[in-house]
Amino acid sequence: MDRTWLLLTWLLLLCGVVQGNQESINQKYPDVCSGMYSHEDFNGKVDPYISFTWEELSLADEDDDGEGVSVAVFDFQDYEHIGVRLPNGEIQYICDDYALDLGLCEDSSEGQFIIQETTIDPFPSKEHKLTSQILTFTQQELGTNDKVYSINKTGYYCVTTSSFISSSSKFKATVNFRNAYGQLDASEAYKMPIYAFLAVAYAVCTLVYSWLCWKHRHELLPLQRYILVFCIFLTADTIFVWMYYIIENQKGNSNVALHVYMVFISIFSAGKMTFTLLLALLISLGYGIVYPKLDRTLLRRCQIFAIFTFAVCVAFLVQKYSQNSESLSNLILITAIPLVLCLFAFYYLTLSSMNKTMTYLREQNQVVKLNMYRKLIILCYISLFILFLGLLVSTFAYVGMDTVDMIEQYWKTEFLITDTWPSFVYFLVFVIFAFFWRPTSTSYLLACSHQLPTDMENVSEFDLDDINSLSDEALPNREPRNDTRNTITIWILI
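For reference, each letter of the sequence shown is one residue, going -20 to -1, 1 to 474 in mature numbering (1 follows the signal peptide of the UniProt record, and there is no 0).
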């Protein structure tokens, strides 16, 4: 039987790359790949292996003579060892009657994939030998198969199937990629210790910021209360994500409760993104620093827009997780397009408001506040630079590798590029930002002064009434202030 497929390209584009420890294969999606760690590289309680459970097997009439579904399990580096190239340029993959007549395989291998122990690369004229064993067999019955592929070395392993003789045969099976440490996919194994570290780091930052807020509780700005709440939220979010990977590692990704928990995590992720954007917008408007309070209508509009963005983000994430990755459709655009528009609107409003606020501070010669906003802008640009630098470094890391080596190595570092690196950058940016806006004994005065002089000649006064208006609630037992307007002069030396 002739079966023309380009393993190097189509195996990655058409097959489902496993997202957990188990993945389904059938006649429409016959291939699946996943990274696997050896017992020596990632220790655990069991020896890593790949096993099968056949849930459906409906063969065509012409398959009733003993043949069934052909299966091959192999290290991706050995893909060239599957099949034999014929003189006409086509590749014969299955040991059928035609292959037997040509002497390409033995009778004992009938119905199985043809395996070559040695192949020759025609360009450098170099021999290639198998780096790992290739398991091939024919499945004819339902249930758990006794064929188990043992993982002796770390690599990117693939399972490919083909209905023998007839393409009308139907089958469905679950492939279990079982690593030594547990049920979690190998590409996500290091996320458990990484998120554990981030959870501890966020918890420490929350404790420190909470202590500062308690110490200066009578001088807190509304913005600093927002930051404290966000610290607690980020700590909880990171702990929940960490627990998700622990549960998946123990129970596997087929647990229904885990999918419900994943939706819960999606809601938290949407809240994290929305709150970040809202906080950036409020700061760009000068909330808590340039102005003690924002206009009530303006603040309400910001909150309503944030709630709308949060709802759209939750809808997008829930739709993304609930939709089968093998049957993605254009329906995802129903939530994706509004989300993109909301994010664009947030970015535009934030940058526009930031420019207006900095222009106002520059005109008022409020140098200290202006420097704070300049530091914030520099921090944003540095964070973007670090993010792109990480992508650039990861890209150059694969330069010089051939395609096979790149595929073999990518799954090991994918989590760094798509998840860990942005998470660490976000953590560092947030910590530095919280340090800039940390509570101090004098930080609340910034919200009251209309001008912050940098020398003796530019000293200006502001009313103590503004300070009292902020601290009335914090100091309910203090004596009423006199009707006479008291003034205080702040000398700020830089």
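Here a beta-carbon is modelled for each residue, glycine too, at the ideal position from N, C-alpha and C.
Contact set for residue i: own chain, Cβ-Cβ below 8 Å, skip 5 residues either direction
i: K195; result: P419
i: I94; result: I62, G63, V64, Q72, Y73, I74, C75, A79, L84 and C85
i: D58; result: L110, T111, S112 and I114
i: V294; result: S246, I247 and A250
i: S167; result: S14, G15, W391, K392, E394 and F395
i: V292; result: T315, P318, L319 and C322
i: R205; result: C193
Close Cβ partners of residue i (< 7 Å) along its chain, the five nearest in sequence each way excluded
i: A260; result: T330
i: F296; result: T315, A316 and L319
i: S234; result: Q2
i: F22; result: N159, A160, Y161 and A169
Residue i versus residue j - alpha carbon distance
i: L321; j: A181; result: 33 Å
i: H239; j: Y225; result: 12 Å
i: L201; j: L208; result: 11 Å
i: residue 478; j: V236; result: Not covered by the structure: residue 478. The range shown for the chain is -20 to 474.
i: S246; j: Y340; result: 39 Å
i: S50; j: Y406; result: 48 Å
i: Y129; j: S249; result: 38 Å
i: D126; j: S14; result: 21 Å
i: Y161; j: M172; result: 11 Å
i: V409; j: Y361; result: 11 Å
i: N159; j: L364; result: 36 Å
i: Q344; j: S403; result: 38 Å
i: G268; j: D275; result: 12 Å
i: E35; j: I357; result: 57 Å
i: I366; j: V373; result: 10 Å
i: F210; j: Q299; result: 26 Å
i: N164; j: T134; result: According to the sequence as given, residue 164 is Leu; it is not Asn. L164 and T134: Cα-Cα distance of roughly 15 Å.
i: W417; j: G232; result: 42 Å
i: S143; j: L66; result: 21 Å
i: S264; j: Y271; result: 11 Å
i: I5; j: L311; result: 24 Å
i: F413; j: L278; result: 24 Å
i: E199; j: S423; result: 8 Å
i: R280; j: L262; result: 11 Å
i: K106; j: G91; result: 30 Å
i: G48; j: D87; result: 16 Å
i: A454; j: L203; result: Reliability fails at A454, whose pLDDT of 41 lies under 50, so the model's placement of it is uncertain and the value that follows must be treated cautiously. Near 15 Å, if we compare the C-alpha coordinates of L203 and A454.
i: L187; j: A176; result: 17 Å
Other residues of its chain near residue i: CB distance less than 6 Å, five sequence neighbours each side excluded
i: I219; result: A179
i: T99; result: E60, H61 and H108
i: G370; result: W401
i: Y353; result: M338
i: G266; result: T337
i: D445; result: Low per-residue confidence applies at D445: pLDDT is 38, beneath 50, and the placement is therefore not dependable enough to give any value.
i: G24; result: A160 and Y161
i: V139; result: V12, V53 and V155
Classification of residue i by the beta-carbon crowding that lies within 10 angstroms, buried from 16 upward
i: H19; result: buried
i: T116; result: buried
i: residue 477; result: The question about residue 477 has no answer, for the chain in this structure spans -20 to 474.
i: D385; result: exposed
i: G123; result: exposed
i: T398; result: exposed
i: K273; result: exposed
i: I174; result: buried
i: K349; result: buried
i: W222; result: buried
i: Y328; result: exposed
i: I131; result: buried
i: D77; result: exposed
i: F290; result: buried
i: S421; result: exposed
i: S38; result: exposed
i: F368; result: exposed
i: V53; result: buried
i: F151; result: buried
i: F324; result: exposed
i: V184; result: exposed
i: V26; result: exposed
i: E228; result: buried
Proximity test, residue i beta-carbon vs the ligand ADP heavy atom, cut-off 7 Å
i: C282; result: The ligand ADP is not among the ligands present in this structure, which contains no ligands whatsoever.
Exercise. Can you list the alpha helix (DSSP H) stretches of 4 or more residues lying completely in the region 168 to 194, in chain order?
Worked result: Those alpha helix (DSSP H) runs which fall completely within the region 168 to 194 and span 4+ residues do not exist here.
For this session: Spell out a yes or no on whether the region 249 to 257 and the region 286 to 295 are touching, meaning 3 or more CB-CB pairs, one atom from each, closer than 8 Å.
Result: Counting Cβ pairs under 8 Å, three or more are found: they touch.
Problem set entry | Complete runs of the alpha helix (DSSP H) confined to the region 350 to 403 [at least 4 residues] | DSSP runs (the alpha helix (DSSP H)) wholly in the region 350 to 403: 383 to 395.
Exercise. Are three or more beta carbon pairs between the region 18 to 33 and the region 148 to 161 nearer than 8 Å?
Worked result: Yes: the two stretches touch, three or more of their Cβ pairs being nearer than 8 Å.
Problem set entry | Segments assigned beta strand (DSSP E), at least 3 residues, entirely inside the region 110 to 149 | Runs found: 115 to 119 and 135 to 143.
Problem set entry | Contained beta strand (DSSP E) runs [length at least 3] in the region 244 to 309, N- to C-terminal order | Note on the region 244 to 309: there is no whole beta strand (DSSP E) run with a minimum of 3 residues.
Exercise. Which runs of the beta strand (DSSP E) spanning at least 3 residues fall entirely within the region 62 to 102, listed in chain order?
Worked result: Qualifying beta strand (DSSP E) stretches, in chain order: 98 to 101.
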